[in-house]
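Novice: Mind looking over this structure? Questions follow.
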Amino acid sequence: MSGRGGIDLSVGAIVSLAGMVFGFCVGVWGLPLLTSVAVCLAVGTLLGAVNGFLTAYVRVPPLIATLATYYAYSSIALVSNDNAPISNRPVQDLSGLARPVELGGLFVPRQVFTILLPCVVLVWLVVNRATYGRKLYAVGTNDVAATFASLSVPRVRFTAYAGAGLLAGIVAVVTVAQFASARPDAGTVGNGMTLPAITIAVLGGVAIQGGVGTVGGVVVAALLVTWLNAGLLLAFEGSEGSQYQLLALGVVLVLSALLNAFTLRRYGRLS
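Quick note on numbering: the sequence shown equals residues 2 to 272 in our numbering.
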């Protein structure tokens, strides 16, 4: 079977640019919080839609299209405020959105309940219970067969990238609240968000070729990668832990890809 999976290398840059827009809305333009959040989500969706248009309708390979927008979005985020973060009092007051709550003696970030869990439930419903989810799996498995089945393959791909941009916009809101600052490099500094995102997807059982993957697997993989990064920071003194994070993510990504390919071949999903 032939299929053409997609990839998005621009998620970290979308988080940076959407976060800067959120910072401008709250800290510079003085817009209400809900309006600022709506603008941030709209910007993230628009940036993802640009990726979708390039890949679905212009038919630029996803790797090239999203790498190009990664550079473009990162540059716009940096020059938007002269490479300086927005960290005035209104933005700093957003830290209350990410204040931990006590649960059974444990302190859990507030956004786990207000944002993460609702997003997981919503994405699970879309992927597993909505018609669009079946179309998405069909296009990822075999876009040629999906075309013969009268599915609008470009529309499905476009919507997938726009949805990825929407989720990146949500991450931008959380990031700004968590750090009480809108940073132009929030999604690209250090290890960035692209490698962890790809590692989590592959570790969670998402097939690189497309058509295979579950929301539950991705959630479990996200927890594992988060614990891995935190464990490395605790295991080493100073900045050594952050230096080994990239190596650890690379090793996990390679091993996950090998296991992913072996599993697909074992069950006859690859030719």
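Where a beta carbon is used, it is the ideal one built from N, C-alpha and C, also for glycine.
Taking one C-beta from the stretch 59–67 and one from the stretch 125–133 each time, how about it: are there three or more such pairs within less than 8 angstroms?
Specialist: no
Novice: Under the assumption that Ala187 contacts Ser76 (Cβ atoms under 8 angstroms), give the Cβ distance between them as a whole number of angstroms.
Specialist: In this structure, Ala187 and Ser76 do not form a Cβ contact; the two beta carbons are roughly 15 angstroms apart against a cut-off of 8 angstroms.
Novice: If contacts are defined as beta-carbon pairs under 8 angstroms, then Leu208 and Asn261 qualify, I think. What distance do you get, rounded to the angstrom?
Specialist: The sequence shown places Ala at residue 208, not Leu. Correct: roughly 6 angstroms between the Cβ atoms.
Novice: Output needed for Asn230: all residues of its chain with C-beta closer than 6 angstroms, excluding positions within five of it in sequence on either side, in chain order.
Specialist: Gln246
Novice: Between which two residues does the beta strand (DSSP E) containing Val109 stretch?
Specialist: Leu107 to Pro110
Novice: Where do the ends of the beta strand (DSSP E) carrying Val102 lie?
Specialist: Pro101 to Leu104
Novice: Smallest Cα separation from Phe159: which of Ser243, Arg135, Val109 and Phe54?
Specialist: Residue Phe54 holds the alpha-carbon nearest to the alpha-carbon of Phe159 among Ser243, Arg135, Val109 and Phe54.
Novice: If you check the beta carbons only, do Ala99 and Pro110 fall under 7 angstroms apart?
Specialist: yes
Novice: The alpha helix (DSSP H) with Met21 in it runs from where to where?
Specialist: Val12 to Gly24
Novice: In this structure, what does DSSP give as the bridge partners for Ile87?
Specialist: Ala183
Novice: If you pair each beta-carbon of the stretch 49–63 with each one of the stretch 208–220, do three or more pairs fall below 8 angstroms?
Specialist: no
Novice: My parser needs the alpha helix (DSSP H) runs of 4 or more residues fully inside the stretch 169–236; what are they?
Specialist: 195–204 and 216–236
Novice: Is the separation between the beta-carbon of Leu42 and that of Gly164 shorter than 7 angstroms?
Specialist: no
Novice: With distances taken between CB atoms, is the gap from Leu10 to Thr189 smaller than 7 angstroms?
Specialist: no
Novice: Under a three-way DSSP split, which group does Asp144 fall into?
Specialist: helix
Novice: Closer than 6 angstroms: is that where the CB of Ala69 sits relative to any heavy atom of the ligand COA?
Specialist: In the structure on display, the ligand COA does not appear, and there are no ligands present to speak of.
Novice: In angstroms, rounded to a whole number, what distance separates the CA positions of Val140 and Ala258?
Specialist: 21 angstroms
Novice: Does Gly7 come out as helix, strand or coil in the three-state DSSP assignment?
Specialist: Three-state result, Gly7: coil.
Novice: How many Å lie between Thr264 and Asp83 at the Cα?
Specialist: 48 angstroms
Novice: Determine the closest residue to Thr46 out of Gly218, Leu167 and Gly193, with distance taken between C-alpha atoms.
Specialist: Leu167
Novice: Cutting at 6 angstroms between CB atoms, please list the residues of its own chain near Ala88, excluding the five before and the five after it.
Specialist: The sequence shown places Ser at residue 88, rather than the Ala named in the question. Within the same chain, Ser88 has close Cβ partners Ser182.
Novice: Rank Pro91, Ile15, Gly31 and Leu118 by C-alpha distance to the C-alpha of Gly217 and give the top, closest one.
Specialist: Checking every option, the nearest Cα to that of Gly217 belongs to Leu118.
Novice: In three-state terms, what does DSSP make of Tyr72?
Specialist: helix
Novice: Given Ala178, which residues of its chain have a CB within under 7 angstroms of its CB, disregarding the five upstream and five downstream residues?
Specialist: Leu95, Ser96, Leu98 and Ala99
Novice: Using three-state DSSP, classify Arg266 as helix, strand or coil.
Specialist: helix
Novice: Between the C-alpha atoms of Val113 and Leu104, what's the straight-line distance to the nearest angstrom?
Specialist: Their Cα atoms are separated by approximately 12 angstroms.
Novice: Would you mind stating whether Ser37 and Val44 have Cβ atoms separated by less than 7 angstroms?
Specialist: no
Novice: Hey, Thr132 and Gly20: beta-carbon distance below 7 angstroms or not?
Specialist: Not in contact: Thr132 and Gly20 (Cβ atoms no closer than 7 angstroms).
Novice: Use the C-beta contact count for Thr227: other C-beta atoms within 10 angstroms, 16 or more gives buried, fewer gives exposed.
Specialist: exposed
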